[in-house]
Ligand SMILES: Cc1ncc(COP(=O)(O)O)c(C=O)c1O
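In the working numbering, the protein residues as written are 5 to 487.
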């Protein structure tokens, strides 16, 4: 039988020798990134990627050297991904990442604090709570505002809807976590705009309400929720004996980046006693900018808000948060467990498991905080403003380009356009050709049934000239492929 020393070398250690080994391995990992080329993605096709990856033995009988593993990962894996920071990588809300977060990821993994209980994460719990208090107060919540980190906007929206459902049951004196849905749940409805993210529907499905419990409200031509349509939808629900348990405003829709009239929805939710949730996964960081923050007026009146740090806050995945108006709200979720959260701990030993749908959870708050502290609010605000300005510039560029047409005037970081006289299939071929050749990772979507191409600007260092180049390339490809 092997002794300890055989395996010890595989572990991270924070003694001096261990840290030296970590440094060496970290430098090798960094070197392995040098195989990433100067393109938004490699031009390898699916079959070639499949073959290259299948050549890597997953778990060899005898391990192989870390240097070799890292080297192979560099040439097979890192070299063949997409490069979110490349100015030609403009399809999704997929950001380049801030350096302080990337290096903090190493410390998060090396120290492996688990956020479920205080005894596994004493100082990490304080860091997450500190970050959440700052976020809640930045959004305009009162002193009791707090939140919890989650794995993404989808998870934050599901958690927000879980709280809304629990609050509705609580009003009937029912603990939904304990007894399940009361008969009245058949009448419960969630209202959001027809541009809201699909995770709201997914939440309704998971919560036993069903996707049909989500009532989608019409939008104005700009893509924002139409408040008259909201009133009409509510009148109809009430006439039918249905109960609006939640209203969801979107602050930055996925395709057009449009912000719903949050104040109007807040008033409506208050009138009807509904939970008010805001999905600010996309535009939440507008709050940092003196010129953009006013667009989020009303956010401070929400019961819960989704913020995605892994979008326009430039964090590596995963980094999202659900912000709530008061920590008491989490009592609706709480499940005690003898091994993790007994409730008899010393004063101040908070077990965050009671606020989350996860049990073990990463210390993602650490990387968010090292970045925010390093970059600072004014730089972050300027970066968000620059991305918005780039989308605006792209809009002007499309407008002066014969052969392309804007679907909507950009107001956020996206620019959506099509090519009059060309079919949806032509647009598909352009986007697929540019992706397959590795020349551009371009977005493709549908707005009110109209096929469209989409830029999403997540890199504030992109130049106007690079945007001119993207538009030119798309036009050329369209002409060549439609011949
Ligand atoms: C408005 C909105 N909400 C939620 C999400 C889901 O976020 P995530 O991918 O972090 O789960 C997205 C994703 O783009 C989004 O655009």
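Every residue, glycine too, gets a C-beta built ideally from N, C-alpha and C.
All figures in this text were calculated on a predicted structure; none of them were measured in a lab.
(message) Could you check whether the Cβ of residue 358 sits closer than 8 Å to any heavy atom belonging to ligand 1?
(response) Translated into the one-based positions of the chain shown, residue 358 becomes position 354. Not so, every heavy atom of ligand 1 lies at least 8 Å from the Cβ.
(message) In the DSSP assignment, the alpha helix (DSSP H) including residue 401 goes from what residue to what residue?
(response) Within the chain shown, residue 401 is the residue found at index 397, counting from 1. Residues 381-403.
(request) May I ask you to list the residues that DSSP assigns as paired with residue 279? (result) Residue numbering aside, residue 279 sits at position 275 when the chain shown is read from its first letter. DSSP lists 250 as the beta-bridge partner residues of residue 279.
(request) Just grab the DSSP bridge partners of residue 450 for me. (result) As a first step, residue 450 must be located in the chain shown, where it is residue number 446. DSSP lists 455 as partners of residue 450.
(request) Could you pull the start and end residues of the alpha helix (DSSP H) that residue 242 belongs to? (result) As a working mapping, residue 242 is identified with position 238 in the chain shown. Its alpha helix (DSSP H) spans residues 231-243.
(message) Among 165, 355, 292, whose alpha-carbon lies nearest the alpha-carbon of residue 201?
(response) Mapped onto the chain shown, residue 201 falls at position 197. Of the candidates 165, 355, 292, the residue whose Cα lies closest to the Cα of residue 201 is 165.
(request) Report the residue from 381, 387, 389, 417 whose alpha carbon sits nearest the alpha carbon of residue 398. (result) By 1-based counting over the chain shown, the position of residue 398 is 394. Out of 381, 387, 389, 417, the CA that lies nearest to the CA of residue 398 is found in 417.
(request) Could you tell me which residues DSSP pairs with residue 460 in its beta bridges? (result) Your numbering for residue 460 matches position 456 in the chain shown. The partner list for residue 460 (beta bridge, DSSP) reads 418.
(request) Would you mind working out which of 317, 123, 152, 127 sits nearest residue 137, comparing C-alpha positions? (result) Looking up residue 137 in the chain shown gives position 133. The residue among 317, 123, 152, 127 with its C-alpha nearest the C-alpha of residue 137 is 152.
(message) I want to check one thing, is the minimum distance from the CB of residue 159 to the heavy atoms of ligand 1 below 8 Å?
(response) As a first step, residue 159 is located in the chain shown; it is residue number 155 there, counting from the start. Remark: the shortest separation between the CB of residue 159 and any heavy atom of ligand 1 falls under 8 Å.
(message) Between which residues of its own chain and residue 5 is the CB-CB distance below 7 Å, once the five residues before and five after are set aside?
(response) Along the chain shown, one-based indexing puts residue 5 at 1. Because residue 5 carries a pLDDT of 49, less than 50, the predicted location of this residue cannot be relied on, and the following value inherits that uncertainty. Taking C-beta separations shorter than 7 Å and ignoring five residues to either side along the sequence, residue 5 has no partners in its chain.
(message) Output needed for residue 482: all residues of its chain with C-beta closer than 6 Å, excluding positions within five of it in sequence on either side, in chain order.
(response) Working through the chain shown from its first residue, we reach residue 482 at position 478. 423, 434, listed in sequence order.
(message) One question on the structure: do residue 230 and residue 222 come within less than 9 Å of each other, judged by their Cβ atoms?
(response) Locating residue 230 in the chain shown gives position 226, counting from the first residue. Locating residue 222 in the chain shown gives position 218, counting from the first residue. In this structure, residue 222 lies closer than 9 Å to residue 230 by Cβ.
(message) Let's test the definition: count the other Cβ atoms within 10 Å of the Cβ of residue 11 and tell me whether it reaches 16, buried, or not, exposed.
(response) Position 7 of the chain shown, counting from 1, holds the residue named residue 11. Around the beta carbon of residue 11, fewer than 16 other beta carbons sit within 10 angstroms, so the residue counts as exposed.
(message) The alpha helix (DSSP H) that contains residue 22, what's its start and end?
(response) The residue given as residue 22 occupies position 18 in the chain shown. Annotation for residue 22: the continuous alpha helix (DSSP H) segment containing it runs 20-36.
(message) I'd like the list of long-range same chain contacts for residue 278, defined as Cβ closer than 7 Å, with 5 residues on each side in sequence excluded.
(response) Residue 278 sits at position 274 when you count from the first residue of the chain shown. Cβ within range, chain order: 248, 249, 250, 251.
(request) May I ask you to verify whether the region 210-228 touches the region 260-273, counting CB pairs closer than 8 Å and requiring at least 3? (result) Taking a cut-off of 8 Å for Cβ pairs, the region 210-228 and the region 260-273 touch, as three or more such pairs fall below it.
(request) Consider the C-beta atom of residue 281 and the heavy atoms of ligand 1; say whether any pair is separated by less than 8 Å. (result) Position 277 of the chain shown holds residue 281. Flag unset: Cβ of residue 281 not near ligand 1.
(request) Tell me whether residue 5 sits in a helix, a strand or coil according to DSSP, three-state version. (result) Position 1 of the chain shown, counting from 1, holds the residue named residue 5. Legend: pLDDT at residue 5 = 49, less than 50; position of this residue unreliable, value from coordinates given subsequently. Here residue 5 sits in coil by DSSP.
(message) Does the contact criterion of 3 or more C-beta pairs under 8 Å hold for the region 155-171 versus the region 279-296?
(response) Cβ pair count under 8 Å is three or more, so yes.
(request) Throw me the rounded Cβ distance for the residue 32 and residue 74 pair, which I believe falls under 8 Å. (result) Within the chain shown, residue 32 is the residue found at index 28, counting from 1. Within the chain shown, residue 74 is the residue found at index 70, counting from 1. Confirmed, about 5 Å.
(message) In whole angstroms, give me the CA-to-CA distance for residue 437 and residue 428.
(response) Residue mapping note: residue 437 aligns to position 433 of the chain shown, counting from 1. Residue mapping note: residue 428 aligns to position 424 of the chain shown, counting from 1. Residue 437 and residue 428 have their C-alpha atoms spaced approximately 14 Å apart.
(request) Please name the residue, chosen from 273, 155, 456, 145, that lies closest to residue 425 on a Cα-to-Cα basis. (result) As a position in the chain shown, residue 425 is number 421, starting the count at 1. When only C-alpha atoms are compared, the closest one is 456.
(message) At a cut-off of 8 Å, would you count residue 230 as near ligand 1, judging by its Cβ distance to the nearest heavy atom?
(response) Residue 230 sits at position 226 when you count from the first residue of the chain shown. No, the beta carbon of residue 230 sits no closer than 8 Å to any heavy atom of ligand 1.
(request) In angstroms with no decimal places, state the Cα-to-Cα distance between residue 274 and residue 23. (result) Taking the chain shown and counting its residues from 1, one reaches residue 274 at position 270. Taking the chain shown and counting its residues from 1, one reaches residue 23 at position 19. Going from the Cα of residue 274 to the Cα of residue 23 covers about 55 Å.
(message) Please identify the residue among 328, 106, 290 whose C-alpha is closest to the C-alpha of residue 492.
(response) Given a span of 5 to 487 for the chain in the structure shown, any question on residue 492 remains unanswerable.
(request) Flag this pair as yes or no: are the beta carbons of residue 384 and residue 298 separated by less than 9 Å? (result) Translated into the one-based positions of the chain shown, residue 384 becomes position 380. Translated into the one-based positions of the chain shown, residue 298 becomes position 294. Judged by their CB atoms, residue 384 and residue 298 are not nearer to each other than the 9 Å cut-off.
(message) For the alpha helix (DSSP H) containing residue 430, name the first residue and the last one.
(response) Walking along the chain shown from the start, residue 430 turns up at place 426. Run containing residue 430: 428-440, per the alpha helix (DSSP H) assignment.
(message) Let's test the definition: count the other Cβ atoms within 10 Å of the Cβ of residue 20 and tell me whether it reaches 16, buried, or not, exposed.
(response) Mapped onto the chain shown, residue 20 falls at position 16. With fewer than 16 other CB atoms across the displayed protein chains lying within 10 angstroms of its CB, residue 20 is exposed.
(message) I'd like to confirm something about residue 156: is its beta-carbon nearer than 8 Å to some heavy atom of ligand 1, or not?
(response) Residue mapping note: residue 156 aligns to position 152 of the chain shown, counting from 1. Relative to ligand 1, the nearest heavy atom lies less than 8 Å away from the CB of residue 156.
(message) Measuring alpha carbon to alpha carbon, tell me which residue in 88, 62, 90, 66 is nearest residue 77.
(response) Sequence index remark: in the chain shown, residue 77 carries index 73 (1-based). Answer by Cα proximity: 62.
(request) Report yes if the C-beta distance between residue 181 and residue 324 is below 9 Å; otherwise report no. (result) Residue numbering aside, residue 181 sits at position 177 when the chain shown is read from its first letter. Residue numbering aside, residue 324 sits at position 320 when the chain shown is read from its first letter. No. Outside cutoff.
(message) When you compare the region 374-393 with the region 457-470, are there three or more beta-carbon pairs, one atom per stretch, that lie closer than 8 Å?
(response) Yes, the region 374-393 is in contact with the region 457-470.
(request) Count the other C-beta atoms from every protein chain shown that fall within 10 angstroms of the C-beta of residue 64, then say buried if there are 16 or more, exposed otherwise. (result) On the chain shown, residue 64 is found 60 positions in, with the first residue counted as 1. Its Cβ having fewer than 16 others within 10 Å, residue 64 is exposed.
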